[in-house]
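Engineer:
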Amino acid sequence: MSNAANETGRREMTGAEMVVQALKDNGVEHIFGYPGGAVLPIYDELFQQEDIQHVLVRHEQGAGHAAEGYARSTGKAGVLLVTSGPGATNAVTPLQDALMDSIPLVCISGQVPTTLIGSDAFQECDTVGITRPCTKHNWLVKDVNDLSRIIHEAFHVATTGRPGPVVVDIPKDVQFARGIYTPPQQAPRPSYNPKVQGDMEAIRQAVALMAGAKRPIIYSGGGVVNSGPEASHLLRELVELTGFPITSTLMGLGAYPASGRHWVGMLGMHGTYEANMAMHDCDVMVCLGARFDDRITGRLDAFSPNSKKIHVDIDPSSLNKNVRADIAIRGDVGRVLEDMVRLWRATAKADKAALRPWWETIDRWRARDSLAYKNSDDVIMPQYAIQRLYELTRDRDTYITTEVGQHQMWAAQHYGFEKPNRWMTSGGLGTMGYGLPAALGVQIAHPGALVIDIAGDASVQMTMQEMSTAVQYEAPIKIFILNNQYMGMVRQWQQLLHGNRLSHSYTEAMPDFVLMAKAFGAHGIRCEKPGELDDAIREMIDVRKPVLFDCRVANLANCFPMIPSGKAHNEMLLPDEATDEAVANAIDAKGRELV
Amino acid sequence: MNAQLQPTGSAYFIARETQSAEKHTLSILVDNEPGVLARVIGLFSGRGYNIDSLTVSETEHEAHLSRITIVTRGTPHVLEQIRHQLERIVPVHRVNDLTVIARAMGQERPLERELALVKVRGEGNERVEALRLADAFHAKVSDATTEHFIFEITGKTAKIDQFIAIMQPLGLIEVCRTGVAAMNRGPQGMEA
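Pasting the structure below:
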């Protein structure tokens, strides 16, 4: 393929060859992409090698979300390859999604030849300009001799510090040109040097504060998952040592096991009563790898008013952004946890018995059973569907992705995660259509595993075309559609805020998902009765093909608990209190402006 | 004790701003590469921060470093956010809030200078008056015919504002200003 190599690994080759070589040198085994004129040279090189497997999707957005699912489930960077113009613009949604959720993504895009840039050429767009705000960094490669260095830098930027998406835009003439390939170096650039080790003095103060706490709580987030499996182990160790209750954001589920003794459930807008109350009434809050998002805090001026807050985050712009931290620690949460555990073992003589009154309070809150719902024998309740799915899949290593909406919240509430990297969902951007291609990406990374996308009937139609990809690559993803014939979450908000005027939130012309599955060459299942649900789920798991499971659920179920817009995080609407009147009065004019 | 900071456009509650906005001058050391200025400006516009003035030029040719000087306005909390968001940008080496540093040294503000080219139509009495005022302001005459002058003036922003205001009734035709170039007093440089 390439010319004579010398000892340092520098060789002469074409730009397209460099791309493939650089991907290999960065440990890439799978890429997701779609060809086009501007990337034909790279596709030509991919054809002539076998080390990197390329997965052909049906839409570049699918490639992006598949790469995200791949990244989130493995901890490696996800890679996508798209052509210029519409290829690049179709990748913008997954790039912004990865930016919001801190997922390492490397997007290689083709570009028109350098001589044609700026001339409105065929399939030309200002990729670097369009993706500048939605990436951590991006590059337009003008000289083939910079190409390998830039790709190595791209991987470095995407995977270090706070992970995020990057774009490398490569004009076609650069792909054809010959130049010198350089292998990855150690020290890329002095301006980018993320700090991973936390300040020891601050950590010491934090541990001292934690040792004296009477009503502590640990609030963990996606940063723990991003830091690597070791961070989750250390988190569990810290919880064991301290005896503190622990809650997690949507993005952090699985870092601490749901079956753990100290787990109080997810917190936030649709979190459990005990988690939100504990956050409000605590005296010491330990925030590990989370960013005090508005879905968690509710009304900021009433957020946990009497507590001291310790905030550990790798991104200094997250510290003191929404909420003042009494002790702010900048660093990789895994490294900081290592120091915390060591210090705790050495110095803290915390009295776990002193926490007993706090735990008793928490148990009283737990007794509210805020996730309860009225089950039915005639119609499948969505919460019941998730619970049955969980019971029938918990014995094996299952990966769950979701779309966005009520089903996403119910999945987070009722499916228990024991390990990190098993839960892939679009948190920050809330992209409908994320789950199906993400499940594909997860399945490609873990061919033998059970991968289930919990979807809604509206969301699943957004990226449905990727079922064809799943069939092509024999990726037996299970698309479990909670079909309530509405855009559930939108309908719920319209009911709460807009006098139940359901403007365009009803799924008209609902396709027959069973027939659709057959049309793709996949397997279709429909289930409408609670009594038949278990058998149908077993059928879905056993069939060695991609499955569209149309699970008809109660149409107008609402997702509770809920912190209404503009309310404090201890002013939740609970299922039993959510009468129509209470719900109608829950939000005042101020809150109405906000979502 | 209420631990809340300004809700920065939080979806749940838009409370009234309690801190007052201040004008600060930021000095940003960046790699001189294509797109870095667009990136910095994109951050300001994307996040809704304000740019009152901006200058940029290369400072160290071999090291390919450029210096961007931005005058911006915001509450201390917002300014802190701006600084961290800028430092997060990959080609940015360092962000110094010159106003904060100056105050730490006991001064009100850093050393700031601007340059303006001011074209004034000059005939008769107004011409004489314009020349006299230019002299008082230490402005140079860079171009002149019997019908006009172009004055070149450097100094603090306030001085330039005043000069332009004074030229207004004397036949001001057009003005071209640079942004603010700024630096902290004292021997310390911008440590990278």
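Same order as they appear, the protein sequences are chains F and A.
If you count by the working numbering, then the first sequence holds residues -16 to 578, one letter each, in order.
If you count by the working numbering, then the second sequence holds residues 460 to 651, one letter each, in order.
No residue lacks a Cβ here, since even glycine has one placed at the ideal position from N, Cα and C.
Remember, it's a predicted structure, so these values are computed and weren't measured experimentally.
On the DSSP bridge assignment, give the partners of A:Leu631 in chain order.
Structural biologist: One-based indexing of the second sequence puts residue 631 of chain A at position 172. Paired residues: A:Val579.
Engineer: In the region 94 to 123 of chain F, which residues sit with their C-beta less than 9 Å from some C-beta in chain A, listed in chain order?
Structural biologist: Correct list: Val111, Gly112, Arg115, Pro116, Lys119, His120, Asn121, Trp122 and Leu123.
Engineer: Quick one: does A:Arg526 have its CB under 9 Å from some CB of chain F?
Structural biologist: Numbered from 1 along the second sequence, position 67 holds the residue referred to as residue 526 of chain A. Closer than 9 Å: no.
Engineer: How is F:Met(-4) classed by DSSP in three states: helix, strand or coil?
Structural biologist: Taking the first residue of the first sequence as 1, we reach residue -4 of chain F at position 13. In the structure shown, F:Met(-4) sits in a strand (DSSP, three-state: E or B).
Engineer: Tell me which same chain residues have a C-beta within less than 8 Å of the C-beta of A:Gln478, skipping the five on either side of it?
Structural biologist: As a position in the second sequence, residue 478 of chain A is number 19, starting the count at 1. Correct list, in chain order: Gln465, Thr534, Pro535 and His536.
Engineer: Restricting to runs no shorter than 3 residues, where is the beta strand (DSSP E) found entirely within the region 309 to 358 of chain F?
Structural biologist: Those beta strand (DSSP E) runs which fall completely within the region 309 to 358 of chain F and span 3+ residues are 310 to 313.
Engineer: Could you spell out the range, first to last residue, of the beta strand (DSSP E) harbouring F:Asn121?
Structural biologist: Against the first sequence, residue 121 of chain F aligns to sequence position 138. Note, F:Asn121: beta strand (DSSP E), His120 to Leu123.
Engineer: For F:Ser409, which residues in chain A fall below 9 Å Cβ to Cβ?
Structural biologist: Your numbering for residue 409 of chain F matches position 426 in the first sequence. Those do not exist, as F:Ser409 stays about 17 Å from chain A at its closest Cβ, beyond 9 Å.
Engineer: In the DSSP assignment, what residue or residues form a beta bridge with F:Pro154?
Structural biologist: Within the first sequence, residue 154 of chain F is the residue found at index 171, counting from 1. F:Pro154 pairs with F:Gln94.
Engineer: Can a CB atom of chain A be found closer than 9 Å to the CB of F:Asn303?
Structural biologist: Sequence index remark: in the first sequence, residue 303 of chain F carries index 320 (1-based). It does: the Cβ of F:Asn303 has a partner Cβ on chain A nearer than 9 Å.
Engineer: So the candidates are A:Val495, A:Asn555 and A:Ile529; which of them puts its Cα closest to the Cα of A:Ile510?
Structural biologist: What you label residue 510 of chain A is simply residue 51 of the second sequence in a count that begins at 1. It is A:Ile529.
Engineer: From what residue to what residue does the beta strand (DSSP E) around A:Ala641 run?
Structural biologist: The residue given as residue 641 of chain A occupies position 182 in the second sequence. Residues Ala640 to Met642.
Engineer: Going by beta-carbon coordinates alone, are F:Ile345 and F:Val247 separated by less than 9 Å?
Structural biologist: Counting from 1 along the first sequence, the entry for residue 345 of chain F is found at position 362. Counting from 1 along the first sequence, the entry for residue 247 of chain F is found at position 264. Cβ atoms of F:Ile345 and F:Val247: closer than 9 Å.
Engineer: Pick out the complete alpha helix (DSSP H) segments inside the region 2 to 37 of chain F, 4 residues or longer, and give them in chain order.
Structural biologist: With a minimum length of 4 residues, the continuous alpha helix (DSSP H) runs that stay inside the region 2 to 37 of chain F are 23 to 30.
Engineer: Measuring alpha carbon to alpha carbon, tell me which residue in F:Leu498, F:Ala540, F:Pro199 and F:Gly410 is nearest F:Trp476.
Structural biologist: Residue 476 of chain F sits at position 493 when you count from the first residue of the first sequence. Closest option to F:Trp476, Cα to Cα, is F:Ala540.
Engineer: With 9 Å as the threshold, decide whether the Cβ of F:Tyr175 is near any Cβ in chain A.
Structural biologist: Taking the first residue of the first sequence as 1, we reach residue 175 of chain F at position 192. Taking Cβ atoms only, chain A reaches closer than 9 Å to F:Tyr175, which makes this a yes.
Engineer: Cβ atoms of F:Asn289 and F:Asp264: under 9 Å apart, would you say?
Structural biologist: The residue you call residue 264 of chain F lines up with position 281 of the first sequence. The residue you call residue 289 of chain F lines up with position 306 of the first sequence. Their beta carbons are under 9 Å apart, which means F:Asp264 touches F:Asn289 by this criterion.
Engineer: Below 8 Å CB to CB, which residues in the same chain sit around F:Gln44 once its five sequence neighbours on both sides are set aside?
Structural biologist: On the first sequence, position 61 is the one that residue 44 of chain F refers to. Correct list, in chain order: Asn73, Ala74, Thr76, Pro77, Gly416, Pro420 and Thr446.
Engineer: Measure from the C-beta of F:Val140 to each C-beta in chain A and report whether the shortest distance is under 9 Å.
Structural biologist: Locating residue 140 of chain F in the first sequence gives position 157, where the first residue counts as 1. Chain A, which has a Cβ nearer than 9 Å to the Cβ of F:Val140, makes this yes.
Engineer: For F:Gln396, I'd like the list of residues in its chain whose CB is within less than 6 Å of its CB, leaving aside the five on either flank, ordered along the chain.
Structural biologist: Taking the first sequence and counting its residues from 1, one reaches residue 396 of chain F at position 413. Excluding residues within five positions, the ones whose Cβ falls inside 6 Å are Leu354.
Engineer: Can you give the Cα-Cα distance for A:Arg636 and A:Leu574, rounded to whole angstroms?
Structural biologist: The residue labelled residue 636 of chain A in the question sits at position 177 within the second sequence. The residue labelled residue 574 of chain A in the question sits at position 115 within the second sequence. Those two C-alpha atoms are separated by around 6 Å.
Engineer: Would the beta-carbon of F:Lys197 be found less than 8 Å away from any heavy atom of the ligand SAH?
Structural biologist: With respect to the ligand SAH, the structure offers nothing, as it holds no ligand at all.
Engineer: Could you give the distance in angstroms between the alpha-carbon of F:Ser131 and the alpha-carbon of A:Thr518?
Structural biologist: Position 148 of the first sequence holds residue 131 of chain F. Position 59 of the second sequence holds residue 518 of chain A. Cα-Cα distance, rounded: 28 Å.
Engineer: For chain A, is any of its Cβ atoms less than 9 Å away from the one on F:Arg172?
Structural biologist: If you number the first sequence from 1, residue 172 of chain F lands on position 189. By this cut-off, F:Arg172 is an interface position.
Engineer: Please compile the residues from chain A whose C-beta is within a distance smaller than 8 Å of the C-beta of F:Pro299.
Structural biologist: Taking the first sequence and counting its residues from 1, one reaches residue 299 of chain F at position 316. Residues of chain A passing the Cβ test: His543, Glu546 and Arg547.
Engineer: Is it a yes or a no for the region 112 to 124 of chain F touching the region 485 to 505 of chain A, going by three-plus beta-carbon pairs under 8 Å?
Structural biologist: Result yes; three or more Cβ-Cβ pairs closer than 8 Å.
Engineer: Report the neighbours of A:Asp490 on chain F: residues whose CB is nearer than 8 Å to its CB, in chain order.
Structural biologist: Position 31 of the second sequence holds residue 490 of chain A. What A:Asp490 touches in chain F: Arg172 and Ser174.
Engineer: Measure from the C-beta of A:His722 to each C-beta in chain F and report whether the shortest distance is under 9 Å.
Structural biologist: Here chain A has residues from 460 to 651 only, and residue 722 of chain A is not among them.
Engineer: Taking 9 Å as the CB-CB limit, is A:Gly505 close to chain F?
Structural biologist: Mapped onto the second sequence, residue 505 of chain A falls at position 46. Yes, its Cβ sits closer than 9 Å to a Cβ of chain F.
Engineer: Give the DSSP-derived three-state secondary structure of A:Ala589 in the structure shown.
Structural biologist: Residue mapping note: residue 589 of chain A aligns to position 130 of the second sequence, counting from 1. A:Ala589: helix per DSSP, three-state reduction.
Engineer: Just the Cα atoms here: how many angstroms apart are F:Tyr164 and F:Asp129?
Structural biologist: Start at 1 with the first residue of the first sequence, and residue 164 of chain F comes out as number 181. Start at 1 with the first residue of the first sequence, and residue 129 of chain F comes out as number 146. When rounded, the distance between both Cα atoms is 9 Å.
Engineer: On a CA-only basis, which of F:Ala50, F:Gln4 and F:Arg41 is nearest F:Ile427? Give me that one, please.
Structural biologist: As a working mapping, residue 427 of chain F is identified with position 444 in the first sequence. F:Ile427 has its Cα closest to that of F:Ala50, out of F:Ala50, F:Gln4 and F:Arg41.
Engineer: How would you call F:Val89, buried or exposed, if buried means at least 16 neighbouring beta carbons within 10 angstroms?
Structural biologist: Locating residue 89 of chain F in the first sequence gives position 106, counting from the first residue. Buried, by the Cβ-count rule.
Engineer: Which ranges does the alpha helix (DSSP H) cover as unbroken runs of at least 4 residues, wholly within the region 209 to 283 of chain F, from first to last along the chain?
Structural biologist: As far as the region 209 to 283 of chain F is concerned, its whole alpha helix (DSSP H) runs of at least 4 residues are 212 to 225, 256 to 264 and 277 to 280.
Engineer: So A:Gln540 contacts chain F; which residues on that side make the cut at Cβ distance below 9 Å?
Structural biologist: Within the second sequence, the letter at position 81 stands for residue 540 of chain A. Here the neighbours are Ser300, Asn303 and Lys304.
Engineer: Show which residues of chain F have a CB atom less than 8 Å away from the CB atom of A:Ala497.
Structural biologist: The residue you call residue 497 of chain A lines up with position 38 of the second sequence. In chain order: Gly112 and Arg115.
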